[in-house]
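Numbering (the working numbering), first residue to last: 21 to 357. Note that the Cβ used here is the ideal one computed from N, Cα and C, for glycine as well.
If you want it as structure tokens, here you go:
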């Protein structure tokens with residue numbers, strides 16, 4: 021465990037190819053910065069060219085040692101299957117391998133809404149979109165894992181809210197696809213007691229962040245079964261002062277909460293540790309499939325992660341519902357994992 025770990029301990033990443041979703045601002049932007057500063061070629065996603073250009077110009081102006089060729093934008097809306105497929109296909113055309121995948125993008129919807137597929141938007145962006153993207157990029161991850169000195173990582177950014185706002189006894193039913201469409205068993209007291217300080221739907225956000233933990237854990241099981249030397253982890257970045265995080269608190273609470281927040285740069289350290297730290301590759305069995313608190317601390321997530329039947333149901337339901345929608349839209353089936 022490396023609570024004092026920082027980006028100065030990132031090894032040389034020259035020759036590595038990385039992808040960071042939501043890399044145009046906040047935690048993602050700083051993750052892109054540090055990966056590139058250590059030599060990686062970094063693809064980053066943003067919803068618009070305007071946002072991507074602004075991010076690139078900022079990184080290059082503040083870090084003159086970077087080259088424009090290290091920073092490549094991919095347009096991506098994780099709530100839209102067509103956008104995910106297009107981004108994945110573009111990366112598959114341009115690269116032969118992917119050493120680092122950081123599923124960073126996220127959101128917390130203020131109002132209930134669903135995507136065209138019928139999935140609740142927060143769950144769609146935080147979980148389902150990354151599920152599909154990771155699957156489509158498996159060939160590149162596999163190619164990277166076949167290298168002689170391979171050190172391939174998949175990092176999924178979660179949050180401590182998955183255990184803070186969802187009680188241990190919460191009645192999950194992941195066999196029912198309704199969890200993807202935003203149906204909740206009930207609002208627990210743990211959430212009701214804090215609901216008034218939020219401007220966004222933090223209960224559904226908590227469900228989506230729990231999905232990130234379960235995805236990373238079960239993905240590791242699948243990778244192990246395939247005999248792939250790829251390490252999958254989920255991370256809590258801390259309470260980070262990003263535009264998105266600031267926006268979920270009421271004006272009355274924000275001054276108090278702000279005192280406990282860390283900078284977006286510091287908020288990137290958890291992802292960077294999981295994606296690059298030598299300690300992870302030296303002790304893979306310590307970190308495989310685990311949930312990490314800042315920075316690099318293996319931590320127990322919500323207790324449902326220990327219930328194999330629930331984790332398996334969560335994965336199978338996601339896979340089945342995604343498969344049905346892909347078929348409906350005329351896309352090929354998911355890759356085996």
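Check, Outcome
"Quick check on the DSSP output: what are the complete alpha helix (DSSP H) runs of length 4 or more inside the stretch 114 to 184, in order along the chain?", "149 to 156, 158 to 165 and 181 to 184"
"Measure the C-alpha to C-alpha separation of residue 235 and residue 81 and round it to an integer number of angstroms.", "37 Å"
"Please go through the stretch 182 to 270 and give each complete beta strand (DSSP E) segment of 3 or more residues, from N-terminal end onward.", "250 to 255"
"I'd like to confirm the pairing. Which residues does DSSP put opposite residue 63 in its beta bridges?", "39 and 92"
"Between 69, 70, 73 and 38, which has its C-alpha nearest residue 56's C-alpha?", "38"
"According to DSSP, simplified to helix, strand and coil, what is residue 108?", "helix"
"Roughly how many angstroms separate the alpha carbons of residue 225 and residue 67, rounded to a whole number?", "20 Å"
"Under DSSP, the alpha helix (DSSP H) around residue 324 begins and ends at which residues?", "Residue 324 -> no alpha helix (DSSP H), and no H or E assigned at all."
"With distances taken Cα to Cα, identify the nearest neighbour of residue 134 among 61, 98, 110 and 63.", "98"
"Say whether chain B places a C-beta atom closer than 8 Å to the C-beta of residue 68.", "Protein chains in the displayed structure number just one, and chain B is not present."
"Where does residue 312 sit, in a helix, a strand or coil, going by DSSP?", "strand"
"Check each candidate in 322, 47 and 34 and name the one with the smallest Cα separation from residue 188.", "322"
"Give every residue of the same chain whose Cβ lies closer than 6 Å to the Cβ of residue 96, excluding the five residues on either side of it in the sequence, and list them in chain order.", "65, 103 and 107"
"Taking 8 Å as the cut-off, decide whether the C-beta atoms of residue 174 and residue 92 are in contact.", "no"
"Check whether the stretch 239 to 253 and the stretch 298 to 311 are in contact - that is, three or more C-beta pairs closer than 8 Å.", "yes"
"Mapping the DSSP letters down to three states, classify residue 34 as helix, strand or coil.", "coil"
"Contact between the stretch 334 to 342 and the stretch 188 to 201 is defined here as three or more beta-carbon pairs at a separation below 8 Å; is this criterion met?", "yes"
"Spell out the partners DSSP gives residue 317 in its beta bridges.", "313"
"Using the Cβ count rule (16 or more neighbours within 10 Å means buried), how would you classify residue 21?", "Note that residue 21 has pLDDT 41, beneath the 50 cutoff, so the model's placement of it is unreliable and the number below is only indicative. Looking at its Cβ environment, which holds fewer than 16 other Cβ atoms inside 10 Å, residue 21 is exposed."
"Around the Cβ of residue 150, are there at least 16 other Cβ atoms within 10 angstroms (buried) or fewer (exposed)?", "buried"
"Pull up the CB-CB distance for residue 177 and residue 222, whole angstroms please, since I reckon it's below 8 Å.", "Wrong, their Cβ atoms sit about 16 Å apart, outside the cutoff."
"My assumption, with CB atoms under 8 Å, is that residue 125 sits in contact with residue 141. Please give the rounded CB distance.", "Residue 125 to residue 141, Cβ: 13 Å. No contact."
"So what does residue 342 bridge to, in DSSP terms?", "Answer by DSSP bridge pairing: none, since residue 342 is not bridged."
"Only counting the same chain, and skipping five residues up and downstream in sequence, which positions put a Cβ closer than 6 Å to that of residue 60?", "33, 36 and 38"
"So, for residue 288: in the same chain, excluding its five sequence neighbours on each side, which residues have a beta-carbon less than 6 Å away from its beta-carbon?", "47, 50 and 51"
"Do three or more CB pairs link the stretch 255 to 271 to the stretch 201 to 210 at distances below 8 Å?", "no"
"In the DSSP assignment, what residue or residues form a beta bridge with residue 282?", "260"
"Between residue 273 and residue 317, what straight-line distance do the alpha-carbon atoms span, to the nearest angstrom?", "29 Å"
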